[in-house]
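For reference, the structure discussed in these notes is given below.
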Ligand code: PGA
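Numbering (the numbering used here), first residue to last: 75 to 329.
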């Protein structure tokens, strides 16, 4: 398989530092040496350092949930890419729909975060996806195109294979309503086509496209069997070690 599967846990605003350490330890104990799938844990900022210590020497990687585009300065409450690197963070979620909707993040702002991440050797997980109104209005692909093209503006051919894209239909996030495998695969294939137009087929074939939105052990095998679904960005099911470990195992089985 040209693309190694990736399972990332987005813990959102959950877990104290101590709880995060316990969860990370449980995950590491179960799958810390798994190398056939990439595994990333994204705790809140307050637990990055403590979880990072648990992950030291393991194959499980550390991700942040956000980053500010600027290097430093008067940006109260924000965290820079350099600060994240200092904690041995390797990945960062960018443009999550919760940030787009609750914090007004635009494609242009998200694009700056993507570029800053890449300039600082952080792998961005760029989230894209339509709302329910947009899906029902028939604009899903247009929205996804805007998110993908807007988010990747200025990303070079040398950089594109370190970018990870997460297709997360907003109506499926935290709702228990998972996209059908056909719905998901259709959009994933469309994203692959967009990448092919932008970067050419050989590079587009190397970019991982994750699915996110109520992914859990029960629906993961079918989703992960799809041609263009290269892993998952997991919210709710990542907060408990057993379900997260099961998801990683599904990804191992899917190859
Ligand atoms: P969910 O969240 O798995 O709880 O739907 C996914 C996400 O928001 O990344």
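We put the beta carbon where it would ideally sit given N, CA and C, even for glycine.
(request) Could you name the residues of the same chain whose beta carbon sits closer than 7 Å to that of residue 322, not counting the 5 residues immediately before and after it, in chain order? (result) 81, 105, 108, 111 and 113
(request) Provide the residue span of the beta strand (DSSP E) that contains residue 84, from first to last. (result) 80-84
(message) Going by DSSP, what residue range makes up the beta strand (DSSP E) through residue 115?
(response) 112-116
(request) Can you tell me which of 203, 121, 91 and 141 puts its alpha carbon nearest to the alpha carbon of residue 286? (result) 203
(message) I'd like the ranges of any beta strand (DSSP E) spanning at least 3 consecutive residues and lying wholly in the stretch 270-305.
(response) 282-286
(message) Short of 7 Å in beta carbon distance, which residues of its chain neighbour residue 126, apart from the five on each side in sequence? Order them along the chain.
(response) 136, 161 and 162
(message) the ligand PGA and residue 289: does the residue's C-beta get closer than 7 Å to at least one heavy atom of that ligand?
(response) yes
(message) I'd like to know if the stretch 246-256 and the stretch 227-234 are in contact, where contact means that at least 3 CB-CB pairs between them fall below 8 Å.
(response) no
(request) Would you decide whether residue 292 is buried or exposed? Buried here means 16 or more other CB atoms lie within 10 Å of its CB. (result) exposed
(message) Excluding the 5 residues flanking residue 98 on each side, which residues of the same chain have their C-beta closer than 7 Å to its C-beta?
(response) 115, 125, 128 and 129
(request) Could you tell me the distance, in whole angstroms, from the CA atom of residue 122 to the CA atom of residue 157? (result) 11 Å
(request) Might you give, ordered along the chain, the residues of its own chain that have their beta carbon closer than 7 Å to the beta carbon of residue 155, omitting 5 neighbours on each side? (result) 141, 190, 191, 194 and 196
(request) Return the first residue and the last residue of the alpha helix (DSSP H) that residue 125 is part of. (result) 122-129
(message) According to DSSP, residue 231 sits in a beta bridge with which residue or residues?
(response) Bridge partners of residue 231: none, in fact.
(message) Just verifying my parser: in three-state terms, what is the DSSP assignment at residue 202?
(response) strand
(message) Taking the straight line between their C-alpha atoms, what separation do you get for residue 214 and residue 119?
(response) 32 Å
(request) Keeping to the same chain, check which residues put their C-beta closer than 7 Å to that of residue 318; ignore five residues upstream and five downstream. (result) 83, 101, 308, 311 and 312
(request) Would you check whether the ligand PGA has a heavy atom nearer than 7 Å to the C-beta of residue 262? (result) no
(message) My output table needs one value for residue 141: the three-state DSSP class, helix, strand or coil.
(response) coil
(request) Identify every residue that forms a DSSP beta bridge with residue 238. (result) 199 and 282
(request) Compare the beta carbon distance of residue 298 and residue 78 with 8 Å and say whether it is the shorter of the two. (result) no
(request) Give me the Cβ distance between residue 218 and residue 265, rounded to the nearest whole Å; I'm assuming they're in contact under 8 Å. (result) 6 Å
(message) Once the 5 residues before and after residue 182 are set aside, which same chain residues still bring their CB inside 6 Å of it?
(response) none
(message) Could you give the first and the last residue of the continuous alpha helix (DSSP H) run that contains residue 167?
(response) No alpha helix (DSSP H) contains residue 167, which is instead part of the beta strand (DSSP E) from 165-168.
(request) Rank 276, 243, 306 and 274 by C-alpha distance to the C-alpha of residue 210 and give the top, closest one. (result) 243
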